[in-house]
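Single-structure report; data block below.
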Amino acid sequence: IMIQKVDHIGIALHSLDEAIPFYEKALGLTCDRIEEVEPQKVKTAFFAAGEVHIELLEPTAEASPIAKFLAKNGPGIHHVALGTDDILGQLAQASDAGVRLIHEEPIVGAGGKHVAFLHPKDTFGVLTEFCSGGDH
Ligand code: CO
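Our numbering numbers the first residue of the sequence shown as 371 and each following residue consecutively.
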């Protein structure tokens, strides 16, 4: 089996500073780390919810994909990330099945993970990420 679990759920929002207290105080989760991912123009905060993480995403520039998502949809669920030990195999399988890939090759995301996204028009509206490796 190549997909091992839902690794994390990405949530787009305007301000980590405003959102983190909700996750900490209202939900009782702990923020593992805050990390800026410069190439993707986002600042991320990770919370462990059991095995699955919640990834909060704040745009750091107008050109950020997250800024565009927020302008169009407002805050909310942005993507579902599936953890795999074979990201290239997953991409090839999806591509062979006729799914368009946003990333033909994995890029480096938060936590040093390799990540790649499928086109949401081919995934029934759910932006789907494959991720592997990294430090959690
Ligand atoms: Co993600």
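Note that the Cβ used here is the ideal one computed from N, Cα and C, for glycine as well. No experiment lies behind these values; they were computed from the predicted model shown.
Residue i beta carbon near the ligand CO (any heavy atom closer than 6 Å)
i    : result
E499 : yes
G380 : yes
A451 : yes
E425 : yes
C-beta atoms of residue i and residue j nearer than 7 Å
i    : j    : result
A480 : V422 : no
H489 : P476 : no
T498 : V450 : yes
T454 : F487 : no
Y393 : F416 : no
I507 : S502 : Since the first and last residues shown for the chain are 371 and 506, residue 507 lies out of range.
G504 : G482 : yes
Whole-number beta carbon distance between residue j and residue i, since they are thought to touch under 8 Å
i    : j    : result
T414 : L399 : Contact flag wrong, Cβ pair sits at about 15 Å.
P445 : H378 : That pair is no contact at about 17 Å.
V412 : I381 : Contact doesn't hold; Cβ gap of about 12 Å is too wide.
L471 : V376 : Incorrect: roughly 20 Å between the Cβ atoms, too far for contact.
For residue i, the three-state DSSP class (helix, strand or coil)
i    : result
E499 : strand
P429 : strand
K491 : helix
K411 : coil
E405 : strand
D456 : coil
L471 : strand
G380 : strand
G482 : helix
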